[in-house]
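Student:
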Amino acid sequence: MVKVLFFARLREQLGVGEITLEDFSGSLGDLRKTLCEQHPNWSPHLQRDDIRMALNQELAETGAQVKAGDEVAFFPPVTGG
Amino acid sequence: MVKVLFFARLREQLGVGEITLEDFSGSLGDLRKTLCEQHPNWSPHLQRDDIRMALNQELAETGAQVKAGDEVAFFPPVTGG
Amino acid sequence: MKAVDRIEVCETPFDVAAEYTALQGNSGDGACALFVGSVRDFNAGSNVCGLALEHYPGMTEKSLQRIINDARDRWSLGRVVIVHRVGPMQINDEIVFVGVTSPHRQAAFAACQYIMDRLKTEAPFWKREVVVDTSGKPSERWVAARASDAAEMEKWSAG
Amino acid sequence: MKAVDRIEVCETPFDVAAEYTALQGNSGDGACALFVGSVRDFNAGSNVCGLALEHYPGMTEKSLQRIINDARDRWSLGRVVIVHRVGPMQINDEIVFVGVTSPHRQAAFAACQYIMDRLKTEAPFWKREVVVDTSGKPSERWVAARASDAAEMEKWSAG
Chain A
1 MVKVLFFARL REQLGVGEIT LEDFSGSLGD LRKTLCEQHP NWSPHLQRDD
51 IRMALNQELA ETGAQVKAGD EVAFFPPVTG G
Chain B
1001 MVKVLFFARL REQLGVGEIT LEDFSGSLGD LRKTLCEQHP NWSPHLQRDD
1051 IRMALNQELA ETGAQVKAGD EVAFFPPVTG G
Chain C
2001 MKAVDRIEVC ETPFDVAAEY TALQGNSGDG ACALFVGSVR DFNAGSNVCG
2051 LALEHYPGMT EKSLQRIIND ARDRWSLGRV VIVHRVGPMQ INDEIVFVGV
2101 TSPHRQAAFA ACQYIMDRLK TEAPFWKREV VVDTSGKPSE RWVAARASDA
2151 AEMEKWSAG
Chain D
3001 MKAVDRIEVC ETPFDVAAEY TALQGNSGDG ACALFVGSVR DFNAGSNVCG
3051 LALEHYPGMT EKSLQRIIND ARDRWSLGRV VIVHRVGPMQ INDEIVFVGV
3101 TSPHRQAAFA ACQYIMDRLK TEAPFWKREV VVDTSGKPSE RWVAARASDA
3151 AEMEKWSAG
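These protein sequence lines are chains A, B, C and D, in that order. Under the working numbering, the first residue of the first sequence is numbered 1, with each subsequent residue one higher. Under the working numbering, the first residue of the second sequence is numbered 1001, with each subsequent residue one higher. Under the working numbering, the first residue of the third sequence is numbered 2001, with each subsequent residue one higher. Under the working numbering, the first residue of the fourth sequence is numbered 3001, with each subsequent residue one higher.
1) How big is the Cα-Cα spacing for residue 2086 of chain C and residue 2016 of chain C?
2) Specify the secondary structure class of residue 3142 of chain D as computed by DSSP and reduced to three states.
3) For the 8 Å Cβ check, are there 3 or more pairs between the stretch 23–33 of chain A and the stretch 61–79 of chain A?
4) Okay, do the stretch 1048–1065 of chain B and the stretch 1013–1024 of chain B touch, 3+ Cβ pairs below 8 Å being the bar?
5) Residues of chain D with CB closer than 7 Å to the CB of residue 2056 of chain C, please, in chain order.
6) Please report how far the alpha carbon of residue 39 of chain A lies from the alpha carbon of residue 10 of chain A, in whole angstroms.
7) Do the CB positions of residue 3027 of chain D and residue 2092 of chain C come within less than 7 Å of each other?
8) Label residue 2113 of chain C either buried or exposed according to how many other C-beta atoms from any shown protein chain fall within 10 Å of its C-beta, with 16 as the threshold for buried.
9) Does any C-beta atom of chain C lie closer than 7 Å to the C-beta of residue 44 of chain A?
10) Mind checking if residue 2034 of chain C is an interface residue toward chain D, Cβ cutoff 7 Å exclusive?
11) Could you check the C-alpha separation between residue 1073 of chain B and residue 1044 of chain B for me, to the nearest Å?
12) Ordered along the chain, which non-local residues of its own chain (more than five positions away) have a Cβ less than 8 Å from that of residue 31 of chain A?
13) Within the same chain, show all residues whose beta-carbon is closer than 7 Å to that of residue 3006 of chain D, passing over the 5 residues directly before and after it, in chain order.
14) For residue 3126 of chain D, which of helix, strand or coil comes out of DSSP?
15) Examine chain D for any beta-carbon lying closer than 7 Å to the beta-carbon of residue 2030 of chain C, and answer yes or no.
16) Note down the Cα distance separating residue 2038 of chain C from residue 3032 of chain D, rounded to an integer number of angstroms.
17) Consult DSSP for residue 2027 of chain C and reduce its assignment to one of helix, strand or coil.
18) Do residue 2158 of chain C and residue 2121 of chain C have their C-beta atoms within less than 7 Å of each other?
19) Closest Cβ-Cβ distance between residue 24 of chain A and chain C: below 7 Å?
20) Please state the DSSP three-state secondary structure of residue 2038 of chain C.
21) Determine the direct distance from the alpha carbon of residue 3100 of chain D to that of residue 17 of chain A, and round the result to whole angstroms.
22) Measuring only the C-alpha atoms, how far is residue 3014 of chain D from residue 3036 of chain D?
23) Cα-Cα, which of C/2104, C/2055, C/2063, C/2049 is closest to residue 2126 of chain C?
24) Can residue 2132 of chain C and residue 2060 of chain C be called in contact, C-beta distance under 7 Å?
25) Alpha carbon to alpha carbon, how far is residue 2128 of chain C from residue 6 of chain A? Give it in angstroms, no decimals.
26) Given this structure, state the Cα-to-Cα distance separating residue 2103 of chain C from residue 2063 of chain C, to the nearest angstrom.
27) For residue 58 of chain A and residue 2025 of chain C, what's the separation of their Cα atoms in angstroms?
28) Between residue 3097 of chain D and residue 3019 of chain D, is the Cβ-Cβ spacing less than 7 Å?
29) Checking contacts by CB at 7 Å: is residue 57 of chain A closer than that to chain C?
30) Per DSSP, residue 2054 of chain C forms a beta bridge with which residues?
31) Output, in sequence order along the chain, the residues in the stretch 2107–2137 of chain C whose CB is closer than 8 Å to any CB in chain A.
32) Taking buried to mean at least 16 other C-beta atoms within 10 Å of its own C-beta, is residue 3136 of chain D buried or exposed?
33) Per DSSP, what kind of secondary structure is residue 2133 of chain C in: helix, strand or coil?
34) Residues in its own chain within less than 7 Å of residue 2040 of chain C by CB, not counting five upstream and five downstream?
35) Step through the CB atoms of chain D and report whether any lies within less than 7 Å of the CB of residue 2091 of chain C.
36) Which residues in chain B sit within 7 Å of residue 3051 of chain D, going by Cβ to Cβ distance?
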């Protein structure tokens, strides 16, 4: 099982803050593709160039490998400080 | 009359913090020369390259003209902050 | 020199004076640089009347710790404090506090600015602001990231 | 934006929290950069147990005002505060406080550092420290100016 989190504007656009994926294995990029296949209306939001990804609470790139028990997050550019 | 002030290490070396010069006219450089002629033992301290000068409480160079009523100061490099 | 980090994400107002006090204790550190960011009443052409900050609990603290660790690799630092507010806020409320002590003022200034620049571009916080239009009608919007913040980060890799 | 300067030379300890409060009031200024310099217990290879600061009354205030004016010519600043202690001091006592507010954090940081760099090289203050040698015998010495402080100033004219 992989936990997937969405934050800020992206969370509002998708209408959900957290989902779980059963039996997923592959890269972060594969995970995003899987989500867009399951939810075609997410694609324009989740596939934006500026969307950032984290794997186990560290910034990560599309090639990073996701395994069972991992926590993945998608979010727009940060605006704190 | 011109008021002349000395600060910090220079004040201690000359043994005086303030003197007045009657009837002086000329540049800051001339003033320093006059002081060294009046007090030959001041020369090694007052003529050091790192001694800075102020005219009426603004940093000034040797060419600045001094007139009656002015306040002149000599001091070592500053070390505040 | 004792290296001490304090990282706090808080939902209520924090006290700048108390955070400054938390930086004390290294008598070899003559320099202390601080930055405080507050909620402005104007942003991107609109009057702002309120703000809410969302964050990613867990990742936030890890991200700030990583930024501090990298700052310590670059400069000789004593104490480092980062406090960041989340949740709803009002105009003039303090959002962020960054404080750094060092034996040298250049290191303190550089590290404080470096921490802010990285926090702005990688710590997982998102601002949502309430703006009022000319008719006085309020609406909410997510604050857009600024290209200038990303550009600021580049100066740290140039050296 | 209201431009307000506060310059104070004081013979008794000052309160950093109160000085920070004095910087508040411009709700368009989201950024506040601060620097606090304190008496270190070690300098130029010796243990320091006390410090006294001499200054040039009158010229000091003029010099600090000129530095602030020049900073305001370079950056868009809100409030500026400089407080400098003079007279006898103890280890860890705060010597100098510089605080700057601005709509932009880069301007706040730059102006705060610029003010400190110029203060260090041209404001008429002189430090005399009490040091103890290895046998514990105390002696006094004037602190020597540092070439690195002059070098720091050069970066402001390079631009």
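Note that the Cβ used here is the ideal one computed from N, Cα and C, for glycine as well.
Tutor: The answer reads as follows:
1) What you label residue 2086 of chain C is simply residue 86 of the third sequence in a count that begins at 1. What you label residue 2016 of chain C is simply residue 16 of the third sequence in a count that begins at 1. Cα to Cα, residue 2086 of chain C sits roughly 16 Å from residue 2016 of chain C.
2) Position 142 of the fourth sequence, counting from 1, holds the residue named residue 3142 of chain D. If DSSP states are grouped into helix, strand and coil, residue 3142 of chain D belongs with the strands.
3) Cβ pair count under 8 Å is three or more, so yes.
4) no
5) Taking the first residue of the third sequence as position 1, residue 2056 of chain C is located at position 56. Those do not exist, as residue 2056 of chain C stays about 23 Å from chain D at its closest Cβ, beyond 7 Å.
6) Numbered from 1 along the first sequence, position 39 holds the residue referred to as residue 39 of chain A. Numbered from 1 along the first sequence, position 10 holds the residue referred to as residue 10 of chain A. The straight-line gap from Cα to Cα measures roughly 14 Å.
7) One-based indexing of the fourth sequence puts residue 3027 of chain D at position 27. One-based indexing of the third sequence puts residue 2092 of chain C at position 92. Yes, Cβ-Cβ distance for residue 3027 of chain D and residue 2092 of chain C is below 7 Å.
8) Reading the third sequence from its first residue, position 113 is the one you call residue 2113 of chain C. Its Cβ being crowded by 16 or more others within 10 Å, residue 2113 of chain C is buried.
9) In the first sequence, residue 44 of chain A corresponds to position 44, counting from 1. Answer no: the Cβ-Cβ gap between residue 44 of chain A and chain C never drops below 7 Å.
10) To locate residue 2034 of chain C, count along the third sequence from 1; it is residue 34. Cβ-Cβ to chain D under 7 Å: yes for residue 2034 of chain C.
11) Along the second sequence, read from residue 1 onward, the residue named residue 1073 of chain B stands at position 73. Along the second sequence, read from residue 1 onward, the residue named residue 1044 of chain B stands at position 44. Computed Cα separation, rounded: 17 Å.
12) Translated into positions along the first sequence, residue 31 of chain A becomes position 31. So the list reads 2, 4, 21, 24, 66, 72, once near-sequence residues are dropped.
13) As a working note, residue 3006 of chain D is residue 6 in the fourth sequence. Excluding sequence neighbours, residue 3006 of chain D sits near 3022, 3081.
14) In the fourth sequence, the residue the question calls residue 3126 of chain D occupies position 126. Residue 3126 of chain D sits in a strand when the DSSP states are folded into three classes.
15) For the purposes of this step, residue 2030 of chain C is identified with residue 30 of the third sequence, where counting begins at 1. So, interface residue.
16) Here residue 2038 of chain C refers to the residue found at position 38 of the third sequence. Here residue 3032 of chain D refers to the residue found at position 32 of the fourth sequence. Each residue's Cα considered, the two are about 8 Å apart.
17) As a working note, residue 2027 of chain C is residue 27 in the third sequence. In the structure shown, residue 2027 of chain C sits in coil (DSSP, three-state: anything other than H, G, I, E or B).
18) Start at 1 with the first residue of the third sequence, and residue 2158 of chain C comes out as number 158. Start at 1 with the first residue of the third sequence, and residue 2121 of chain C comes out as number 121. No, the pair does not count as a contact, with Cβ atoms beyond the cut-off.
19) Position 24 of the first sequence, counted from the start, is the residue given in the question as residue 24 of chain A. False, the Cβ-Cβ gap to chain C never drops below 7 Å.
20) In the third sequence, counting from the first residue as 1, residue 2038 of chain C sits at position 38. Strand at residue 2038 of chain C.
21) If you number the first sequence from 1, residue 17 of chain A lands on position 17. If you number the fourth sequence from 1, residue 3100 of chain D lands on position 100. Cα to Cα, the separation comes out at about 40 Å.
22) Here residue 3014 of chain D corresponds to residue number 14 of the fourth sequence, with the count starting at 1. Here residue 3036 of chain D corresponds to residue number 36 of the fourth sequence, with the count starting at 1. Between the C-alpha atoms of residue 3014 of chain D and residue 3036 of chain D there is a straight-line separation of about 11 Å.
23) Position 126 of the third sequence holds residue 2126 of chain C. It is C/2055.
24) As a working note, residue 2132 of chain C is residue 132 in the third sequence. As a working note, residue 2060 of chain C is residue 60 in the third sequence. No, these two residues do not count as a Cβ contact at 7 Å.
25) Your numbering for residue 6 of chain A matches position 6 in the first sequence. Your numbering for residue 2128 of chain C matches position 128 in the third sequence. Their backbone Cα atoms lie some 15 Å apart in a straight line.
26) Along the third sequence, read from residue 1 onward, the residue named residue 2103 of chain C stands at position 103. Along the third sequence, read from residue 1 onward, the residue named residue 2063 of chain C stands at position 63. Approximately 26 Å between the Cα atoms of the pair.
27) Numbered from its first residue, the first sequence carries residue 58 of chain A at position 58. Numbered from its first residue, the third sequence carries residue 2025 of chain C at position 25. Just so you know, the alpha carbons of residue 58 of chain A and residue 2025 of chain C end up roughly 32 Å apart.
28) On the fourth sequence, position 97 is the one that residue 3097 of chain D refers to. On the fourth sequence, position 19 is the one that residue 3019 of chain D refers to. Yes, the pair counts as a contact, with Cβ atoms nearer than the cut-off.
29) Along the first sequence, read from residue 1 onward, the residue named residue 57 of chain A stands at position 57. Taking Cβ atoms only, chain C reaches closer than 7 Å to residue 57 of chain A, which makes this a yes.
30) As a first step, residue 2054 of chain C is located in the third sequence; it is residue number 54 there, counting from the start. Note: residue 2054 of chain C sits in a beta bridge opposite C/2126.
31) 2116, 2119, 2120, 2121, 2122, 2123, 2124, 2125, 2126, 2127, 2128
32) Residue numbering aside, residue 3136 of chain D sits at position 136 when the fourth sequence is read from its first letter. Under this definition residue 3136 of chain D is an exposed residue.
33) As a position in the third sequence, residue 2133 of chain C is number 133, starting the count at 1. Coil.
34) Counting from one through the third sequence, the residue named residue 2040 of chain C turns up at place 40. 2048, listed in sequence order.
35) By one-based count along the third sequence, residue 2091 of chain C stands at place 91. Chain D, which has a Cβ nearer than 7 Å to the Cβ of residue 2091 of chain C, makes this yes.
36) Here residue 3051 of chain D is taken as the residue at index 51 of the fourth sequence, counted from 1. What residue 3051 of chain D touches in chain B: nothing, since even the nearest Cβ is about 10 Å away.
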